[in-house]
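Peer 1: Under numbering that gives the first Met the number 0, think of the first position of the sequence shown as 0, with each following residue one higher.
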Amino acid sequence: MRYDGMRSWSNRETLLANMWLNGTLMVDQESSMEITPEYVRELVTEMVEDQMAKYGLARDLFNCALARINCREIAEHYPQSEEV
């Protein structure tokens, strides 16, 4: 099910992750780096890890939000460029 009103992303978490990662992923894409769902998840995790404690409410909320991010959808938004 699509999250209506959020630029056609499947949910708000995916939209927000893409908005924050867009610059990084565009540079990576231009460098012919393959954008995989695993890479997207790693970037999101790294972006947040330094800013929160290992335990507590904020960590639990982050883990719930991370589980909802459709990393495959974001990765597919940045297809690997075809080499000429």
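From the three backbone atoms N, C-alpha and C, an ideal C-beta is built for every residue, glycine too. Keep in mind the model is a prediction, meaning the values are calculated, not measured.
Can you give, in chain order, each stretch of the beta strand (DSSP E) that sits fully within the segment 14-41 and has at least 3 residues?
Peer 2: If we require 3 residues or more, the segment 14-41 turns out to have no beta strand (DSSP E) run fully inside it.
Peer 1: Please report the distance separating the alpha-carbon of T44 from that of K53.
Peer 2: For the purposes of this step, residue 44 is taken as the residue at position 45 of the sequence shown. For the purposes of this step, residue 53 is taken as the residue at position 54 of the sequence shown. Taking the straight line joining both Cα atoms gives about 12 angstroms.
Peer 1: What do you get for N62, buried or exposed, if any count of 16 or more other CB atoms within 10 angstroms of its CB means buried?
Peer 2: Locating residue 62 in the sequence shown gives position 63, counting from the first residue. Answer is exposed; the Cβ neighbour count stays below 16.
Peer 1: Does M68 come out as helix, strand or coil in the three-state DSSP assignment?
Peer 2: Here residue 68 corresponds to residue number 69 of the sequence shown, with the count starting at 1. Looking at the sequence itself, residue 68 is Ile, so the reference to Met does not match. Residue state, collapsed to three classes: coil.
Peer 1: Three-state secondary structure (DSSP) at D59?
Peer 2: The residue you call residue 59 lines up with position 60 of the sequence shown. D59: helix per DSSP, three-state reduction.
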